[in-house]
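Notes follow once the structure below has been shown.
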Amino acid sequence: MQLYLPIAELPLNLFLLIGMGGAIGFISGLFGVGGGFLLTPLLIFVGVPAPVAVATSSVHIAASSVTGSLTYWRRNAVDFKLGLVLIVGGAAGTVLGVFFFNQMRKLGHLDLVITLSYVTLLMSVGILMLGESLRAMFRQHRNRTVPLRLPGEHRWYEGLPLRMRFHRSKISTSILPLVVLGCVIGFIGTVLGIGGGFLVVPALIYLFRVPTSVVVGTSLLQILVTMIIATFLHATISQAVDVLLALTLVVGGVIGAQFGARTGQSLKGEQFRLLLALLILSVGFRFAFDIVGAPLDRFSINAVELER
Amino acid sequence: MSAPAARALLAAIWLGLAVSVPRAEGIILALSTREVAITSTYTGAEITVFGLIERDAQTTPRAGGYDIVASVRGPTGEVVVQRKEKYGPVWLTENRRRYAKVPLFFSTLSTKPLALVTDEETRSRLKLGLEFYLPTAAPGSDEFGFRNALLRLRREERALIDDDKAITMIRPDLFTAKITLPATAPTGLYVVDLSVLAEGVPLRTAQGGFVVRKVGFDAFVANTARFSPWTYALFTVAMAILLGWIANAVFRKD
Chain A
3 MQLYLPIAEL PLNLFLLIGM GGAIGFISGL FGVGGGFLLT PLLIFVGVPA
53 PVAVATSSVH IAASSVTGSL TYWRRNAVDF KLGLVLIVGG AAGTVLGVFF
103 FNQMRKLGHL DLVITLSYVT LLMSVGILML GESLRAMFRQ HRNRTVPLRL
153 PGEHRWYEGL PLRMRFHRSK ISTSILPLVV LGCVIGFIGT VLGIGGGFLV
203 VPALIYLFRV PTSVVVGTSL LQILVTMIIA TFLHATISQA VDVLLALTLV
253 VGGVIGAQFG ARTGQSLKGE QFRLLLALLI LSVGFRFAFD IVGAPLDRFS
303 INAVELER
Chain B
443 MSAPAARALL AAIWLGLAVS VPRAEGIILA LSTREVAITS TYTGAEITVF
493 GLIERDAQTT PRAGGYDIVA SVRGPTGEVV VQRKEKYGPV WLTENRRRYA
543 KVPLFFSTLS TKPLALVTDE ETRSRLKLGL EFYLPTAAPG SDEFGFRNAL
593 LRLRREERAL IDDDKAITMI RPDLFTAKIT LPATAPTGLY VVDLSVLAEG
643 VPLRTAQGGF VVRKVGFDAF VANTARFSPW TYALFTVAMA ILLGWIANAV
693 FRKD
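Sequence order for the protein chains is A and B. If you want this note's numbering, it's the 1-based position in the first sequence plus 2. If you want this note's numbering, it's the 1-based position in the second sequence plus 442.
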């Protein structure tokens, strides 16, 4: 059944859209990643203009994060205090990101920056996680428990001023590195047009040793707030949010996120990290292939804009 | 031009009717619709142009019969074409061209392949092709490559259509032209330019037009998004949160 989308200005199959939303929602609920780095390219692939795809993805991610974070909240798996600290940094990073984005666009290097940072980020995060989770699984296989944190061990940045105790996450650290982390994620997220969950989750696990069970809920909370801000910016500045496209994706997405969050609870920490690593790596490979492989067509149409 | 005359002319174009004085041949056109309405179920449209070639006793006899060619030109806009180049191991966008004021939909209709109807010079004079709306480029130049890529890619996207079977002669002086509009064709005013030729020589031209626009729910959404963006954003965010919450409540087991 074809449905004409009033802002994207093309008809698409209703069930295809719901299915796409559902698949991305499942991944989003499972891993606590927004799924923007999957949904945006997918929408562009089916013909949605790039600005509409980026803007509308943020609505879908917001909805998926609501349902996902509610599930985790009910299981007491959200650290609100930690989330709030990340959001404060994230807001600052978003502003910096918008500024940088426009500067690079003026200089004409945006394409290069986006593609190279996508590949570098996804590949390095993916490889690091894959190596770690495989090592952990291998050791566990030999019946040795490997705690992520050795008792009493502290990293230098955790000892900086403005120390705060996060009871839910069982960590005690200076909030400065957390604000910086939020800021960096907000910055990268804005420039690349993604929520940044695939960076927050590994960073909290590996840099701050936050338990996996709490990380996902907290990451979803941070993504939710970021995406609400992004939706407002996209709707008012770029005017590219398609409410009908968002509705179909959201209907699929919120259902998918439910199943994802449920499945996520039954996964072991190392399994979770291995699967997320594989997902991130495969997307990284796809982007790498995009720039390494010879293009089928050297020319492409980048933008078509109607004069108003 | 006086105001009533201008209004009458405007009305004639609006109605898709154009009448020329029958000195040699004349044409009368009528379009099957003046407005293509975009609704939620819109998947493109088909518009039929009916045309009558007027002749009288004084008209020169045309042994070879008539050929009809028409162009359908949509609203204009900007198209950006980019080209990838190999830098070390990677392929990156190295160059791009901006084409301003390009018709975002263009269709050439004819009774038979254009090459059989008329020569290159007449085609250029009648502007039968999107290439005549682009800046000229010397063959072999960089510019030429971009220009050709634009034409080729727009053809693949169905924003540029050549159809040499779209016009059917029902009788030697009566024809229909079928305009196929894909769903991605932009909203706005479309101009139909039609020419009657005999033995490659254009005899008469006529113009008609139609409008593509969103109506009902789709128009409401597009207008709200454009003119009340804050309300639109608020509604969208509220919808996302509400649906997320409902799904969570429905699926909750504990």
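We put the beta carbon where it would ideally sit given N, CA and C, even for glycine. Computed from a prediction, not measured in an experiment: that's the story for all the values here.
Asked, Found
"Min CB distance Q105 (chain A) to chain B below 8 Å", "no"
"Integer-rounded CB distance, given that L623 (chain B) should sit under 8 Å from I489 (chain B)", "7 Å"
"Neighbourhood of A65 (chain A) by C-beta, 7 Å cutoff - its chain only, sequence neighbours within 5 removed", "V252, G255 and V256"
"Length of the line joining the Cα atoms of T73 (chain A) and M139 (chain A)", "27 Å"
"Close Cβ partners of T564 (chain B) (< 7 Å) along its chain, the five nearest in sequence each way excluded", "G642 and P644"
"DSSP-derived helix/strand/coil call for I26 (chain A)", "helix"
"Contact with chain B by P43 (chain A), beta-carbon distance below 8 Å", "no"
"Cα-Cα separation between G587 (chain B) and R538 (chain B), rounded to whole angstroms", "11 Å"
"Reduced DSSP category for T9 (chain A) - H, G, I as helix; E, B as strand; rest coil", "Per the sequence presented here, residue 9 (chain A) reads as Ile, with Thr not at that position. Note: I9 (chain A) maps to coil in three-state DSSP."
"Contact set between D660 (chain B) and chain A, taken where Cβ atoms lie within less than 7 Å", "Y6 and P8"
"Within-8 Å CB hit, I470 (chain B) to chain D", "Within the model displayed, chain D is absent; protein chains A and B are what it includes."
"Beta carbon proximity, V100 (chain A) to chain B, threshold 8 Å", "no"
"Cβ shell of M131 (chain A) (< 6 Å), same chain only, five flanking positions each side left out", "P204, R275 and A279"
"Nearest-angstrom beta carbon gap, A675 (chain B) and T233 (chain A) [assumed within contact, 8 Å]", "6 Å"
"Any 3 or more C-beta pairs closer than 8 Å across the segment 508-522 of chain B and the segment 39-59 of chain A", "no"
"Per-residue burial, L124 (chain A) [other beta carbons within 10 Å of its own, 16 or more giving buried]", "buried"
"Range of the contiguous beta strand (DSSP E) that encloses N304 (chain A)", "F301 to L308"
"Secondary structure of K172 (chain A), DSSP reduced to three states", "coil"
"Which of helix, strand or coil DSSP assigns to T518 (chain B)", "strand"
"Inter-residue spacing [alpha-carbon to alpha-carbon] between V87 (chain A) and S119 (chain A)", "25 Å"
"I196 (chain A), DSSP secondary structure in three states", "coil"
"Among B:P577, B:K526 and B:T618, the one whose alpha carbon lies nearest that of N304 (chain A)", "B:K526"
"Spatially closest choice to N690 (chain B) from A:V212, A:G31, A:F289 and A:L5, by CA coordinates", "A:G31"
"Interfacial residues, the segment 564-591 of chain B to chain A, with Cβ spacing under 9 Å", "G587, F588, N590 and A591"
"Endpoints, the alpha helix (DSSP H) within which P671 (chain B) is located", "P671 to F693"
"Per-residue burial, Y529 (chain B) [other beta carbons within 10 Å of its own, 16 or more giving buried]", "exposed"
"Own chain residues within Cβ distance below 7 Å of P153 (chain A), not counting five before or after", "Annotation note: pLDDT 48 at P153 (chain A) (below 50); position unreliable, coordinate value reported separately. Nothing listed; no residue qualifies."
"Contact set between T73 (chain A) and chain B, taken where Cβ atoms lie within less than 9 Å", "N690, F693 and R694"
"C-beta neighbour in chain A for L433 (chain B), strict 8 Å", "This structure leaves residue 433 (chain B) out entirely; chain B is present only between 443 and 696."
"Residues that V193 (chain A) contacts on chain B, provided the C-beta gap is smaller than 8 Å", "Within 8 Å Cβ-Cβ: nothing; V193 (chain A) doesn't reach chain B, min ~17 Å."
"Three-way DSSP call (helix, strand, coil) for V532 (chain B) in this model", "strand"
"For Y120 (chain A), the residue or residues it bridges with in DSSP", "According to DSSP, which records beta bridges pairwise, Y120 (chain A) is partnered with nothing at all."
"Buried/exposed call for R540 (chain B), threshold 16 Cβ in 10 Å", "exposed"
"Boundaries (first-last residue) of the beta strand (DSSP E) holding R646 (chain B)", "V643 to K656"
"Endpoints, the beta strand (DSSP E) within which L281 (chain A) is located", "Taken as a continuous stretch (DSSP letters only), L281 (chain A) belongs to no beta strand (DSSP E), being part of the alpha helix (DSSP H) at G271 to V294."
"Nearest neighbour of L223 (chain A), chosen from A:G199, A:I239 and A:L235 [CA to CA]", "A:G199"
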